[in-house]
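Here's the structure we're looking at; comments come further down.
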Amino acid sequence: MSGSNVALLVGKYSVGGTLGTLLVAYGVNEVLFATAHSWSRQSLYQGSGAVLVFVGWVVLLVTLVNLYGELSGR
Numbered sequence: 007m008s009g010s011n012v013a014l015l016v017g018k019y020s021v022g023g024t025l026g027t028l029l030v031a032y033g034v035n036e037v038l039f040a041t042a043h044s045w046s047r048q049s050l051y052q053g054s055g056a057v058l059v060f061v062g063w064v065v066l067l068v069t070l071v072n073l074y075g076e077l078s079g080r
């Protein structure tokens with residue numbers, strides 16, 4: 007691999023990893039914040055936080071599977 011291809015590969019997968027991590031962190035924050043403050047719409051915030059956590063884990067999983075496939079030459 008040339009240097010520009012390596013830089014493109016690292017950039018592509020670091021964006022996926024960063025996006026997934028931010029979604030998971032923000033989702034957990036929403037769930038904990040809604041639980042601690044016991045708002046009247048607590049379940050709405052907890053539900054949206056749980057969905058964000060799930061989407062973040064899916065993004066991370068897809069990123070890791072694609073990275074593994076690309077590095078193993080498949």
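Quick note on the numbering used here: the sequence shown kicks off at 7 and runs consecutively.
All residues carry an ideal CB built from backbone N, CA and C; glycine is no exception.
Bear in mind the structure is a predicted one, so any value in this text is a computation, not a measurement.
query, result
"Three-state class that DSSP yields for GLY17 in the structure shown", "helix"
"Separation of ALA42 from THR69, as counted between CA atoms", "32 Å"
"Range of the contiguous alpha helix (DSSP H) that encloses GLY79", "From DSSP, GLY79 is part of no alpha helix (DSSP H); its letter is neither H nor E."
"Candidates VAL21, VAL37, LEU14: closest to LEU58 by CA position", "VAL37"
"Beta-carbon gap between LEU28 and GLY62 smaller than 9 Å", "yes"
"Cβ-based burial, VAL65 [other Cβ within 10 Å; buried from 16]", "buried"
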